[in-house]
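What follows is one structure encoded as structure tokens, with my remarks underneath.
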Amino acid sequence: MAEKTPPKIKLKAARTNADFSAKEVAEIVGKNYQTILSYEKDSTEIPMSLARKLAEIYDYPIDFIFLGKTTEYNRFKAS
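Just so you know, we're using the UniProt record's numbering here: the sequence shown kicks off at 1 and counts up by one.
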């Protein structure tokens, strides 16, 4: 039997769990808050350095954060 992949958390959920607003995170990382919101919907093009920084801010291991499109995440979770 194949091992199940552990569930991952979306960027937005990681941010809200860490009690940050998108504007607060944007200020910390030096990006526009709309950029942060955009990456929360589709992180396929997020620079890995930024993904690591966000994981550090949110206090999650990078491997626990889902990087991709929200629609793909929702489809995966539904199966």
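Don't be surprised by glycine CBs; every beta carbon is placed ideally from N, CA and C.
With burial defined as no fewer than 16 other Cβ atoms inside 10 Å of the residue's Cβ, what is the status of residue i: buried or exposed?
i      : result
Arg-15 : buried
Ile-46 : buried
Ile-36 : buried
Lys-41 : exposed
By Cβ distance below 6 Å, which residues in the same chain neighbour residue i in space, the five residues on each side in sequence not counted?
i      : result
Ala-55 : Ile-62 and Ile-65
Thr-70 : Lys-41
Tyr-33 : Ala-22, Lys-23 and Ala-26
Ignore the nearest five residues each way along the sequence and tell me which others in residue i's own chain have a CB closer than 7 Å to its CB.
i      : result
Leu-11 : Tyr-39, Glu-40, Ser-43, Leu-54 and Ile-65
Arg-52 : Ile-62
Gly-68 : Ser-43 and Thr-44
Asp-59 : Ala-18
Using a C-beta cutoff of 9 Å, does residue i count as contacting chain B?
i      : result
Phe-20 : Any reference to chain B falls outside this structure, which holds one protein chain only.
At 4 residues or longer, and completely inside the UniProt domain "HTH cro/C1-type" (11 to 65): list those alpha helix (DSSP H) runs for me, N to C.
11 to 17, 22 to 29, 33 to 41 and 48 to 58
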